[in-house]
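*Asks:* Per our numbering, residue 436 is the first one in the sequence shown, and the count goes up by one each step.
Sharing a structure with you now.
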Amino acid sequence: MKPEENKFADVPLRVKTWIYIIIVFALGISHPLAMKIFVSWISFQCFFEFLRLFKINSSHIVPSLFIGVVQFFLFYFFSIENYFLYSSVLAVAVLLYFIFFKATVKQLYGIMIALLVCLFAFPHLLFIREMASGLNSIIFIVVVTELNDVFQYLMGKFFGKHKITPKISPNKTLEGFIGGVFLTVILSNILGFFLLKTDIFFNTILGIILGISGFFGDVFMSYLKRKANIKDTGTLLPGHGGLLDRMDSLIFNAPIFFWVLSVVVKS
């Protein structure tokens with residue numbers, strides 16, 4: 436019985452942290468301006484964690500704060516199209532900053548990944564919030580993505596036997612993956628019916644896509660952590676690790692959902 440009990444030892448702490456996450460998320464999406472601040476803070480915190488992950492020797496706080504503040508002003512003053520243009524300029528400026536401080540080629544590759552995630556992937560959360568059905572849509576994508584993580588975690592704990600990525604993330608199992616995606620499809624249909632007003636076919640396909648791409652976002656971050664030989668990207672969220680550890684599944688899911696929804700709305 437002891438191993439079985441240990442398997443779930445971290446669940447109470449995870450649940451307690453989830454309460455705080457839900458409160459912060461609710462405040463962050465409550466108003467378009469709050470959402471701009473929220474996403475800028477996410478970029479600041481995640482870039483900070485990326486610098487730790489890639490063992491960058493220069494100051495972590497200065498470039499991270501620079502990215503968060505400048506990104507907020509880009510959100511505030513520019514449209515989506517212009518945001519991508521000027522954020523590309525911001526990305527080049529940040530790269531030059533690290534070249535000046537003599538970052539290695541390997542570290543520069545890592546910084547480019549961090550910039551892609553913080554300046555191009557996560558901002559899609561704001562773009563989703565600013566769509567016509569923005570509030571419902573942002574609730575849908577975040578709840579489906581995060582619960583997909585929970586579903587895969589719990590299904591793996593209960594039924595997991597066959598490891599799916601043993602060298603990258605040893606705790607992930609085929610049973611957890613399949614069970615998680617199955618439950619995500621059900622959740623996508625429930626939330627899609629009430630929040631997106633979309634049909635069962637669309638909701639099912641969307642649930643499958645988000646379940647699979649969310650898994651790969653998680654595996655992607657696990658790969659980076661494995662290469663860096665660290666367990667968590669930070670300690671911000673007790674029981675979960677850093678913010679990146681909690682948001683890794685949104686790296687792919689946020690852009691995919693935004694563009695899929697954009698096509699559906701236009702059609």
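Beta carbons are placed, not taken as given, at the ideal position from N, Cα and C, and that holds for glycine.
1. Which term fits F593, buried or exposed, when burial requires 16 or more other beta carbons within 10 angstroms of its beta carbon?
2. Since N583 and L645 are thought to touch, with beta carbons under 8 Å apart, how far apart are those beta carbons, to the nearest angstrom?
3. At 4 residues or longer, what runs of the alpha helix (DSSP H) sit wholly inside the segment 472-544?
4. For the segment 460-469 against the segment 561-571, are there 3 or more C-beta pairs whose distance is under 8 Å?
5. Would DSSP call K742 helix, strand or coil?
6. Use the C-beta contact count for S475: other C-beta atoms within 10 angstroms, 16 or more gives buried, fewer gives exposed.
7. Can you tell me where the alpha helix (DSSP H) with P558 in it begins and where it stops?
8. So, does the segment 499-517 touch the segment 479-490, judging by three or more C-beta pairs under 8 Å?
9. Could you give the first and the last residue of the continuous alpha helix (DSSP H) run that contains F676?
10. Sort V540, P673, T670, L618 by Cα distance to E581 and report the nearest one.
11. Going by C-alpha to C-alpha distance, which of Q587, I640, A663, F513 sits closest to F651?
12. Look at the alpha carbon of L589 and the alpha carbon of R449, and state the distance between them as a whole number of angstroms.
13. Starting from the C-beta of K596, find all residues in its chain whose C-beta is less than 7 Å away, skip the five residues before and the five after it, and write them out in chain order.
14. Which residues in the same chain have their Cβ closer than 7 Å to the Cβ of I635, if we skip the five residues on either side of it in sequence?
15. Just to confirm the assignment, what range does the alpha helix (DSSP H) spanning E581 have?
16. Express the C-alpha separation of V585 and P438 in angstroms, rounding to a whole number.
17. Measure how close the beta-carbons of F687 and S657 come, nearest whole angstrom, since I'm counting them as under 8 Å.
18. Please state the DSSP three-state secondary structure of K598.
*Replies:* For this structure:
1. Along the sequence shown, read from residue 1 onward, the residue named residue 593 stands at position 158. Label assigned to F593: exposed.
2. Stepping through the sequence shown from its first residue, residue 583 is reached at position 148. Stepping through the sequence shown from its first residue, residue 645 is reached at position 210. 6 Å between Cβ atoms; contact.
3. 496-512, 515-535
4. yes
5. Since the first residue of the chain shown is 436 and the last is 702, residue 742 is not available in this structure.
6. Residue numbering aside, residue 475 sits at position 40 when the sequence shown is read from its first letter. When all chains shown are included, S475 counts as buried.
7. One-based indexing of the sequence shown puts residue 558 at position 123. Where P558 is concerned, there is no enclosing alpha helix (DSSP H), given that its DSSP letter is neither H nor E.
8. yes
9. Here the question's residue 676 lines up with position 241 in the sequence shown. Here residue 676 is Gly; the residue named in the question, Phe, does not match the sequence. Neither: G676 is in no alpha helix (DSSP H) and is coded neither H nor E.
10. Indexing the sequence shown from 1 puts residue 581 at position 146. If we check each option's Cα against that of E581, L618 comes out closest.
11. Reading the sequence shown from its first residue, position 216 is the one you call residue 651. Out of Q587, I640, A663, F513, Q587 has the C-alpha closest to the C-alpha of F651.
12. For the purposes of this step, residue 589 is taken as the residue at position 154 of the sequence shown. For the purposes of this step, residue 449 is taken as the residue at position 14 of the sequence shown. About 12 Å.
13. Looking up residue 596 in the sequence shown gives position 161. Counting only Cβ-Cβ distances below 7 Å, and skipping sequence neighbours, we find T608, E610.
14. For the purposes of this step, residue 635 is taken as the residue at position 200 of the sequence shown. Cβ within range, chain order: N624.
15. Within the sequence shown, the letter at position 146 stands for residue 581. Residues 569-594.
16. As a working mapping, residue 438 is identified with position 3 in the sequence shown. As a working mapping, residue 585 is identified with position 150 in the sequence shown. A caution first: P438 carries a pLDDT of 49, below 50, which makes its placement in the model unreliable, though a value can still be read off. In a straight line, the C-alpha of P438 is about 20 Å away from that of V585.
17. For this step, residue 687 is matched to residue 252 along the sequence shown. For this step, residue 657 is matched to residue 222 along the sequence shown. 14 Å between Cβ atoms; not a contact.
18. Mapped onto the sequence shown, residue 598 falls at position 163. The answer is strand: DSSP assigns K598 an E or B state.
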